[in-house]
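Visitor:
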Amino acid sequence: MGPIRTLAKEYARAFRLFSRDAKLYLAGTFLVGIGTNLVSLLLSLYLKSLGYDEGRIGGFLSVRALGSVLVALPASFLIAKLDPRKLLPSAAVLAAASYAAQALASSGAGISAGVLSGGAFSAVFQVAGGPFLMRSSGEQERMHLFALNGATSFATGIVGSLVAGLIKDALATATGDERFAYRAAIMVGAAFALCGMVPFAAIRSGRPRPDGAAARGRLLGVASRIDAKLYLRMLAPHFLVGCGAGLTIPYLNLYFKDVFGMSDSAIGAAVAAGQVFTLVGISAGPALARRI
1065 MGPIRTLAKE YARAFRLFSR DAKLYLAGTF LVGIGTNLVS LLLSLYLKSL GYDEGRIGGF
1125 LSVRALGSVL VALPASFLIA KLDPRKLLPS AAVLAAASYA AQALASSGAG ISAGVLSGGA
1185 FSAVFQVAGG PFLMRSSGEQ ERMHLFALNG ATSFATGIVG SLVAGLIKDA LATATGDERF
1245 AYRAAIMVGA AFALCGMVPF AAIRSGRPRP DGAAARGRLL GVASRIDAKL YLRMLAPHFL
1305 VGCGAGLTIP YLNLYFKDVF GMSDSAIGAA VAAGQVFTLV GISAGPALAR RI
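Numbering of the sequence shown is given in this note's numbering, commencing with residue 1065 and proceeding in unit increments.
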């Protein structure tokens, strides 16, 4: 317990240094993350209950990834020009609406539209997080803030996965209608995402106002120094790992359901257990960085 207690005290000291806006951002991403992970766990199981086969379910999941890609690339260039006081609450509301559409849509096209927009709006938080936290932190606490932000995504995976399975199974037992239980549980995920709007709306700092010519000059300077070979070597392992993850992780809950006959609560617990170990590793990041 010694190292864990030391790590907890270290984060408690760093947390007191976090700015108000940084704390609000963490709270907002925590709520949105719970909703996102809740929907992610149940969506493929819900689609299976509607009679879609694994190939069609894979198509729906690839649409979500497509939405993220389509938004992430342009957003990375535009994020500095957008006011986080408007961007983050709007993204939370639209993400919640997308999750609700996935539960309420009565056709494959409607579900696809909800999945596409859900992937797009979830990408906004991933792209906006780094620049916002850089502006909202000092050098002393920045490493802990970024580590805690990364750990938050896995903590929401733990909570979201557990809550998703428990709510769905409880509703299915109470009503005897499995499809209704899936829809209602996904709507709970949409409600969590919508609640994320509250802390985001309380953020005070707006977007920076850099000099346009200076910003363009810095961008051109960075572009001229890019080592394409180095970037390819750095990106290749992530690309391969991402391909492997994309072929396995989205289908794990279906595998647990079809092969082992696990309940949704048990599936949520299994997924959450994997997130626990990842969370511990990320939380230990600052302590390990000082020793390297």
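Note that beta-carbon positions come from the ideal geometry of N, C-alpha and C, so glycine has one too.
Assign G1281 to buried or exposed, taking buried as 16 or more other Cβ atoms, counted over all protein chains shown, within 10 Å of its Cβ.
Guide: Unreliable placement is indicated for G1281, whose pLDDT of 49 sits below 50; the coordinate value is still reported in the next sentence. Exposed.
Visitor: Helix, strand or coil: how does DSSP classify S1181 here?
Guide: DSSP places S1181 in helix when its eight states are reduced to three.
Visitor: State the start and end residues of the unbroken alpha helix (DSSP H) segment that holds P1148.
Guide: Here the alpha helix (DSSP H) through P1148 covers 1148-1168.
Visitor: Just checking, does the region 1202-1213 make contact with the region 1155-1162 on the three C-beta pairs under 8 Å criterion?
Guide: Too few Cβ pairs lie closer than 8 Å, so no.
Visitor: Looking only at its own chain, which residues have a Cβ that is under 6 Å from the Cβ of Y1330, when we skip the five neighbours before and after it?
Guide: Note on identity: in this sequence residue 1330 is Ala, with Tyr being the wrong assignment. So no residue of the chain qualifies.
Visitor: Kindly indicate which residue of Q1204, L1318, M1298 has the alpha-carbon position closest to the one of I1077.
Guide: Correcting the residue identity first, residue 1077 is Arg in this sequence and not Ile. Looking at the Cα atoms, Q1204 is the closest of the given residues.
Visitor: For L1283 and Q1190, I'd like the C-alpha separation in whole angstroms.
Guide: Bear in mind that a pLDDT of 48 at L1283, under 50, signals an unreliable position, so the number given afterwards is only what the model happens to contain. Going by the C-alpha atoms only, they are around 21 Å apart.
Visitor: Specify, as a first and last residue, the run of the alpha helix (DSSP H) that K1232 falls within.
Guide: Per DSSP, K1232 belongs to the alpha helix (DSSP H) from 1203-1239.
Visitor: Grab the span of the alpha helix (DSSP H) containing A1320 for me, first residue to last.
Guide: According to the sequence shown, residue 1320 is Phe rather than Ala. Start and end: 1316-1324.
Visitor: Would you give the residue range spanned by the alpha helix (DSSP H) that R1268 belongs to?
Guide: Looking at the DSSP string, R1268 is not in any alpha helix (DSSP H), and its letter there is neither H nor E.
Visitor: My output table needs one value for D1275: the three-state DSSP class, helix, strand or coil.
Guide: Confidence at D1275 is low in this model, with a pLDDT of 46, below 50, so the placement of that residue should be treated as unreliable; the coordinate-derived value is given next. In the structure shown, D1275 sits in coil (DSSP, three-state: anything other than H, G, I, E or B).
Visitor: With DSSP as the reference, label L1114 as helix, strand or coil.
Guide: Reduced to three states, the DSSP call for L1114 is coil.
Visitor: Between which two residues does the alpha helix (DSSP H) containing F1256 stretch?
Guide: Start and end: 1242-1259.
Visitor: Mark S1108 as exposed unless 16 or more other C-beta atoms lie within 10 angstroms of its C-beta, in which case mark it buried.
Guide: S1108 is buried by the Cβ-count criterion.
Visitor: Which word fits Y1295, buried or exposed, when buried means at least 16 other C-beta atoms lie within 10 angstroms of its C-beta?
Guide: It counts as exposed.
Visitor: On the three-state DSSP scale, how would you describe S1083?
Guide: Coil at S1083, not helix or strand.
Visitor: Could you check which residue in L1258, A1236, S1269 has the C-alpha nearest to that of S1162?
Guide: With distances taken between Cα atoms, S1162 lies closest to L1258.
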